[in-house]
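Residues in the sequence shown are numbered from 10 upward in steps of one, following my numbering. We put the CB at the ideal spot given by N, CA and C, even for glycine. For reference, the structure discussed in these notes is given below.
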Amino acid sequence: MRQYDLWFGYQEPKCVVKANAVSPPEYDWVARYTSKEAAEVAFKREGLIPTDGILPPDGGPLRTPLVSDQSLLQAGFIYTPRVG
10 MRQYDLWFGY QEPKCVVKAN AVSPPEYDWV ARYTSKEAAE VAFKREGLIP
60 TDGILPPDGG PLRTPLVSDQ SLLQAGFIYT PRVG
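Below you can see the structure in the form of structure tokens.
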């Protein structure tokens with residue numbers, strides 16, 4: 010279980026979200042959604058944001074509660090090795 014900072018980029022209607030582990034920081038994840046609303050549904054379902062929460066505008070970060078890597082996978086994230 011770890012916390013992640015979520016960073017958002019919108020190219021209407023699509024939404025790209027990057028998740029960086031707070032500690033240790035070597036884990037990076039990325040997810041692509043068809044819309045901001047689709048991202049919100051996945052995040053609420055997996056406990057990445059509160060059920061009454063909304064996603065921020067472009068940028069971030071939005072810090073998650075402690076979540077498992079499995080929660081990220083089920084929300085549509087794909088692991089990407091950190092370069093450098």
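- Here the alpha carbons of A40 and L81 stand approximately 9 Å from one another.
- The Cβ atoms of E55 and A84 lie closer than 9 Å to each other.
- Our two residues, P33 and Q12, have alpha carbons roughly 10 Å apart in a direct line.
- For F17, the enclosing beta strand (DSSP E) begins and ends at Y13 to Q20.
- Distance from the CA atom of D14 to the CA atom of V76, rounded to whole angstroms, is 11 Å.
- The C-beta of Y42 has 16 or more other C-beta atoms within 10 Å across all chains shown, which makes the residue buried.
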